[in-house]
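In the UniProt record's numbering, the protein residues as written are 1 to 361.
Comments concern the structure below.
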Amino acid sequence: MSARPPACRGPLHLAAAVDLPGAHDAAPFVELARLAEHGALDFVTLGDGFARPGLDALAVLSRVAPATGRVGLVPTVTTTHTEPFHVQAAVATLDWVSHGRAGWTVDVSTTEAEARLFGRRRAAPRDALWREAGEVADVARRLWDSWEDDAEIRDVATGRFVDRDKLHHVDFEGAAFSVRGPSIVPRPPQGHPVVVVDATAEHTRDVAVRYADVALVRAASPALAGAARADLRARATAAGRDPRELRVLAALVVDLGGGEHAAQPGHGGGPHPTAEGPLYRGGPVDLADLIASWHAAGAADGFHLTPVEPRRDLERLVNGTVSLLQHRGLFRTFYPGATLREHLGLTRPANRYAAHAGEAS
Numbered sequence: 001m002s003a004r005p006p007a008c009r010g011p012l013h014l015a016a017a018v019d020l021p022g023a024h025d026a027a028p029f030v031e032l033a034r035l036a037e038h039g040a041l042d043f044v045t046l047g048d049g050f051a052r053p054g055l056d057a058l059a060v061l062s063r064v065a066p067a068t069g070r071v072g073l074v075p076t077v078t079t080t081h082t083e084p085f086h087v088q089a090a091v092a093t094l095d096w097v098s099h100g101r102a103g104w105t106v107d108v109s110t111t112e113a114e115a116r117l118f119g120r121r122r123a124a125p126r127d128a129l130w131r132e133a134g135e136v137a138d139v140a141r142r143l144w145d146s147w148e149d150d151a152e153i154r155d156v157a158t159g160r161f162v163d164r165d166k167l168h169h170v171d172f173e174g175a176a177f178s179v180r181g182p183s184i185v186p187r188p189p190q191g192h193p194v195v196v197v198d199a200t201a202e203h204t205r206d207v208a209v210r211y212a213d214v215a216l217v218r219a220a221s222p223a224l225a226g227a228a229r230a231d232l233r234a235r236a237t238a239a240g241r242d243p244r245e246l247r248v249l250a251a252l253v254v255d256l257g258g259g260e261h262a263a264q265p266g267h268g269g270g271p272h273p274t275a276e277g278p279l280y281r282g283g284p285v286d287l288a289d290l291i292a293s294w295h296a297a298g299a300a301d302g303f304h305l306t307p308v309e310p311r312r313d314l315e316r317l318v319n320g321t322v323s324l325l326q327h328r329g330l331f332r333t334f335y336p337g338a339t340l341r342e343h344l345g346l347t348r349p350a351n352r353y354a355a356h357a358g359e360a361s
């Protein structure tokens, strides 16, 4: 009798980047997001930063939101030089306009040139900036909880819009900022929009294990991805979190321009390390085999894929790789829920202030 392959560690999750350098119109982003939605991908990401020219990622995905119905929308939001109160309000707004499909990728700004764009302070070391980013992620969740779910009354007869007893001050004091609250935006549909952190580097892992719902890991082999996943889950446990509430996705750059031919020598066993991250170059079928084998081995909960050529490679990913995974019964053919948290199998967080109010009564 042949040995059975290792069991999968839960449902497979797939996400893709929809970055389009040089695009200055919403239409091509809508096109890519709809294509990802056609493949039932969990979410799409859109990169951003103060040093890269182009449209604001959060604003673009706010435009994409009404043109899509299920796919999650995750822009990069830089926490350095920005006001935490404004950051959380913008992400909460995206969650409202998308009906619960928002997330955000936390990032920092490290260069002196970027600091000069704002003129508020000098550039700081990465470790300090990521500690600050963790505080921003923390206060964002507190502000999202500052409205209880039923705080809105909207009573026309009495002229009361909100129950003030269900609004809460967060009174947060961080190393670089303080926030009193409450938010100006009601609690988002998801409670907390999904937090994504690239946890490849050591200095980002503390933020990931404490605040991320999804951690991305750039790894060129299943062994490296699996080791990173195990480390993140162990750290999450040590931080008092349920590690089952953290999704770890292997992040790969994919070049599917070769069509159906076999993977480039060396790529069949795994991607090649590059300056941009692990690069897979080959056909959609070989990529499906790689995804299936890594996931079955427990190396990752899923994959975040960045196409080398967005339109070409995303189309081949959805209509080739994803279709094959669906045919094998390894990936869903439809969205079982409506929110990004539901796609990821994550619970909707309880409101910390409402819970405390209930305990007091």
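Glycine included, every Cβ here is placed at the ideal spot set by N, Cα and C.
As the structure is a computational prediction, the values presented were derived from the model and not from experiment.
Own chain residues within Cβ distance below 7 Å of residue i, not counting five before or after
i	result
Arg-218	Thr-200, Ala-251, Gly-277 and Pro-278
Arg-120	His-81
Asp-301	Arg-9, Gly-10, His-13, Arg-247, Val-248 and Leu-249
Ala-354	Glu-148
His-267	Residue confidence is low: His-267 scores 49 on pLDDT, short of 50, so the model does not pin down where it sits. No coordinate-derived value is stated.
Per-residue burial, residue i [other beta carbons within 10 Å of its own, 16 or more giving buried]
i	result
Leu-117	exposed
Ala-65	buried
Phe-303	buried
Glu-135	buried
Thr-274	exposed
Glu-342	buried
Arg-101	buried
Leu-61	buried
Asp-25	exposed
His-261	Confidence in His-261 is poor, its pLDDT being 49 and thus under 50, which makes the residue's placement unreliable; the coordinate value appears in the next sentence. That one is exposed.
Ala-239	exposed
Ala-292	buried
Leu-216	buried
Gly-226	buried
Arg-205	buried
Arg-154	exposed
Gly-103	buried
Ser-361	Because the pLDDT of Ser-361 is 47, which lies under 50, any placement of that residue in the model is unreliable, and the number read from its coordinates should be weighed accordingly. Answer is exposed; the Cβ neighbour count stays below 16.
Same chain, Cβ closer than 6 Å to residue i, five either side skipped, listed in chain order
i	result
Glu-37	Thr-68, Arg-70 and Val-71
Asp-231	none
Arg-233	Pro-243
Val-253	Glu-276, Gly-277, Leu-279 and Thr-306
Ala-288	Thr-321, Leu-324 and Leu-325
Ser-146	His-168, Val-170, Gly-181, Pro-182 and Ser-183
His-192	Arg-141, Trp-144 and Pro-349
Ala-212	Val-195 and Val-197
Asp-85	The sequence given here has Phe at residue 85, not Asp. If we look at Phe-85 and ignore the five residues flanking it on each side, its Cβ neighbours are Val-179.
Unbroken alpha helix (DSSP H) run spanning residue i, endpoints
i	result
Val-87	84 to 97
Gly-226	222 to 238
His-327	323 to 327
Leu-279	Taken as a continuous stretch (DSSP letters only), Leu-279 belongs to no alpha helix (DSSP H), being part of the beta strand (DSSP E) at 279 to 281.
Leu-340	340 to 344
residue 362	Residue 362 is absent from the structure shown; the chain starts at 1 and stops at 361.
Ala-59	57 to 64
First through last residue of the beta strand (DSSP E) which encompasses residue i
i	result
Leu-252	247 to 255
Arg-244	From DSSP, Arg-244 is part of no beta strand (DSSP E); its letter is neither H nor E.
Ala-285	Sequence check: residue 285 is Val here, not Ala. Premise fails: Val-285 lies in the alpha helix (DSSP H), 284 to 296, not in any beta strand (DSSP E).
Phe-29	It is not in any beta strand (DSSP E) - Phe-29 instead sits in the alpha helix (DSSP H) that spans 27 to 38.
Leu-14	13 to 17
His-304	302 to 307
Ala-215	214 to 217
Val-106	103 to 107
Leu-41	Counting along the chain, Leu-41 falls outside any beta strand (DSSP E), and DSSP gives it neither H nor E.
residue 377	Lying outside 1 to 361, the shown extent of the chain, residue 377 is not represented and no answer is given.
Close Cβ partners of residue i (< 8 Å) along its chain, the five nearest in sequence each way excluded
i	result
Thr-111	Ala-51 and Ala-123
Pro-189	Asp-95, Trp-96, His-99, Gly-100 and Thr-339
Asn-351	Asp-145, Glu-148, Asp-149, Arg-187 and Gly-191
Integer-rounded CB distance, given that residue j should sit under 8 Å from residue i
i	j	result
Leu-314	Leu-14	That pair is no contact at about 11 Å.
Leu-340	Phe-43	6 Å
Pro-284	Leu-324	7 Å
Leu-344	Val-194	7 Å
message: If we require 3 or more residues per run, which beta strand (DSSP E) segments fall completely within the region 158 to 196?
response: 160 to 162
Worksheet entry | Any beta strand (DSSP E) of 3 or more consecutive residues that is wholly inside the region 115 to 162 | 152 to 155 and 160 to 162
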